[in-house]
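The structure appears right after this line, and notes come after that.
Numbering (UniProt numbering), first residue to last: 1 to 295.
The following block contains the structure:
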């Protein structure tokens with residue numbers, strides 16, 4: 001910018017000198033020379049100031065020397081000073097498509113994980129990040145992306161293919177977010193969330209997972225049938241024990257006299273319709289005559 005400013009200023013001065021010497025004539029040439037000089041001066045002035053936009057932090061460097069961070073606002077600087085700006089707004093690192101993370105389960109199966117890491121720069125660590133990476137784009141490429149991919153692989157390697165694909169996805173996502181946060185926070189990178197959007201197994205692992213799920217379902221059904229059979233057997237045993245106890249109680253309470261008395265009472269009731277009724281209730285098989293008319 002300073003070089004362009006000097007060129008414009010020099011061009012304006014040349015036009016004015018030529019106009020004075022008569023080599024160039026006309027008001028258009030004079031106006032052009034003046035306008036070119038003014039543009040050169042204005043561009044030259046802009047090389048001495050820099051505006052840091054809202055939600056940005058800037059790092060100035062002058063001839064290889066790094067200065068302190070600049071907050072949003074107008075700052076004066078040398079024309080030889082380069083300014084690198086870092087946005088403090090949240091950014092998304094999308095690991096999908098060509099950047100999908102290929103992971104392996106604890107059993108060696110291959111899965112493909114799609115996720116988004118939401119991150120932002122801590123303004124207080126901008127200077128350290130500049131020294132580490134050099135720019136906001138480099139922070140994502142050199143720090144956030146490789147660390148995130150490494151952590152995703154390490155976390156999935158602790159789980160089986162079935163857990164990674166189905167049962168433990170929420171737990172795996174929470175563990176990934178915690179580890180990425182712990183890894184990047186000391187470097188001044190804030191992690192605002194990790195979204196594990198999709199986990200897709202390879203074809204061979206897909207077949208193995210489906211077979212495992214079917215096997216687990218069959219095992220669960222068999223275990224349920226065993227539990228039902230045991231419960232029914234226990235119920236039958238309880239019923240049998242109760243019946244045996246009742247029979248034993250009845251058998252212990254019955255005597256010959258009691259049986260004879262109950263038999264006589266029963267046939268008395270029957271003799272209400274028959275005046276004389278023979279009942280084999282006597283001891284030794286002797287019949288007992290029940291005459292309902294005599295009572």
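Beta carbons: idealized from backbone N, C-alpha and C, even for Gly.
>> Going by DSSP in three states, residue 165 sits in which element: helix, strand or coil?
In response: Walking along the chain shown from the start, residue 165 turns up at place 165. Reduced to three states, the DSSP call for residue 165 is helix.
> Would DSSP call residue 81 helix, strand or coil?
Replying inline: For the purposes of this step, residue 81 is identified with residue 81 of the chain shown, where counting begins at 1. Residue 81 sits in a strand when the DSSP states are folded into three classes.
> Starting from residue 185 and walking both ways along the alpha helix (DSSP H), at which residues does that stretch end?
Replying inline: Looking up residue 185 in the chain shown gives position 185. Counting along the chain, residue 185 falls outside any alpha helix (DSSP H), and DSSP gives it neither H nor E.
> What three-state label does DSSP hand residue 55 in the structure shown?
Replying inline: Counted from its first residue, the chain shown places residue 55 at position 55. Coil.
> Candidates 69, 49, 237 and 153: which alpha carbon is nearest residue 75's?
Replying inline: Here residue 75 corresponds to residue number 75 of the chain shown, with the count starting at 1. That would be 49, whose Cα lies nearest to the Cα of residue 75.
> Looking only at C-alpha atoms, which of 133, 138 and 178 sits nearest to residue 155?
Replying inline: For the purposes of this step, residue 155 is taken as residue 155 along the chain shown, with counting starting at 1. Looking at the Cα atoms, 178 is the closest of the given residues.
>> For a test of the three-state rule: what should DSSP assign to residue 114, helix, strand or coil?
In response: Residue mapping note: residue 114 aligns to position 114 of the chain shown, counting from 1. In the structure shown, residue 114 sits in a strand (DSSP, three-state: E or B).
>> Within 10 Å of its beta-carbon, does residue 148 have 16 or more other beta-carbons around it, so buried, or fewer, so exposed?
In response: Locating residue 148 in the chain shown gives position 148, counting from the first residue. Classification for residue 148: buried.
>> Classify residue 146: buried if its beta carbon has 16 or more other beta carbons within 10 angstroms, exposed otherwise.
In response: The residue labelled residue 146 in the question sits at position 146 within the chain shown. Counting Cβ neighbours within 10 Å, residue 146 comes out exposed, since fewer than 16 surround it.
> Can you give the Cα-Cα distance for residue 68 and residue 60, rounded to whole angstroms?
Replying inline: The sequence position of residue 68 within the chain shown is 68, counting from 1. The sequence position of residue 60 within the chain shown is 60, counting from 1. Spanning the two alpha carbons is a distance of roughly 7 Å.
> Could you give the distance in angstroms between the alpha-carbon of residue 222 and the alpha-carbon of residue 211?
Replying inline: Along the chain shown, read from residue 1 onward, the residue named residue 222 stands at position 222. Along the chain shown, read from residue 1 onward, the residue named residue 211 stands at position 211. Their Cα atoms are separated by approximately 16 Å.
> Ordered along the chain, which non-local residues of its own chain (more than five positions away) have a Cβ less than 7 Å from that of residue 242?
Replying inline: Here residue 242 is taken as the residue at index 242 of the chain shown, counted from 1. None.
> For the putative contact between residue 152 and residue 176, defined by C-beta atoms under 8 Å, what is the C-beta separation to the nearest angstrom?
Replying inline: On the chain shown, position 152 is the one that residue 152 refers to. On the chain shown, position 176 is the one that residue 176 refers to. Right, the Cβ-Cβ distance comes to about 6 Å (below 8 Å), so this counts as a contact.
>> By the three-class DSSP mapping on this structure, what secondary structure does residue 71 have?
In response: As a working note, residue 71 is residue 71 in the chain shown. Residue state, collapsed to three classes: coil.
> Near residue 193, what residues of its chain come up, given a Cβ to Cβ distance below 6 Å and the 5 sequence neighbours on each side ignored?
Replying inline: In the chain shown, the residue the question calls residue 193 occupies position 193. Counting only Cβ-Cβ distances below 6 Å, and skipping sequence neighbours, we find 118.
>> Once DSSP output is grouped into helix, strand and coil, what is the label at residue 122?
In response: Walking along the chain shown from the start, residue 122 turns up at place 122. The answer is coil: DSSP assigns residue 122 none of H, G, I, E or B.
>> Buried or exposed for residue 303, going by 16 or more other Cβ atoms inside 10 Å?
In response: Nothing in the structure corresponds to residue 303, since the chain is present only between 1 and 295.
>> Quick check on DSSP: helix, strand or coil for residue 63?
In response: As a position in the chain shown, residue 63 is number 63, starting the count at 1. Of the three classes helix, strand and coil, the one that applies to residue 63 here is coil, per DSSP.
>> Do residue 143 and residue 115 count as a contact pair if the criterion is CB distance below 8 Å?
In response: What you label residue 115 is simply residue 115 of the chain shown in a count that begins at 1. What you label residue 143 is simply residue 143 of the chain shown in a count that begins at 1. Cβ distance not < 8 Å, so residue 115 and residue 143 don't count as in contact.
>> Across the segment 97-112 and the segment 155-168, are there enough close Cβ pairs to call them in contact, namely three or more that are closer than 8 Å?
In response: yes
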